[in-house]
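Below is one structure, written out as structure tokens, with a few remarks after it.
Below is the structure:
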């Protein structure tokens, strides 16, 4: 199975994502910094940009995330994802060799899934 990519960059973005509240939280362990995460996502066709000195944002048709790093080197991700695609994001992170955990929440901020 191939690593999930952004799908076609030429397709319109899922407009439902713009109206959704954040439903995704996660961490990437092992000192993998936001710049490396953004670079990897960009190589897979995601749009990425620097949001500050140390944080990035990334989006694709089915996901929009912020990537930040804590003082202890843990990389945090949060944002909005098509709930049906959380496994795709988990696969992408795993195939990059990164230890991670993801949490998906519903519209009532109830935990739906933990990967």
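Residue numbers (the numbering used here): 4 to 118.
For glycine and all other residues, C-beta sits at the position ideal for the given N, C-alpha and C.
Beta-carbon gap between residue i and residue j smaller than 7 Å
i           : j          : result
residue 41  : residue 84 : no
residue 181 : residue 31 : The first residue shown for the chain is 4 and the last is 118, placing residue 181 beyond what the model contains.
residue 93  : residue 64 : no
Rounded straight-line distance, which links the Cα of residue j to that of residue i
i           : j           : result
residue 60  : residue 114 : 23 Å
residue 57  : residue 38  : 8 Å
residue 47  : residue 91  : 12 Å
residue 25  : residue 75  : 24 Å
residue 103 : residue 44  : 15 Å
residue 49  : residue 66  : 9 Å
residue 51  : residue 68  : 10 Å
residue 128 : residue 35  : The structure shown does not extend to residue 128, since the chain is modelled only from 4 to 118, so the question has no answer here.
residue 88  : residue 95  : 11 Å
residue 23  : residue 111 : 12 Å
residue 86  : residue 62  : 15 Å
For residue i: DSSP bridge partner residues
i           : result
residue 61  : 51 and 68
residue 105 : 29
Same chain only: Cβ atoms within 6 Å of residue i, ignoring 5 sequence neighbours per side
i           : result
residue 54  : 60
residue 109 : 115
residue 28  : 81 and 106
residue 101 : 31 and 35
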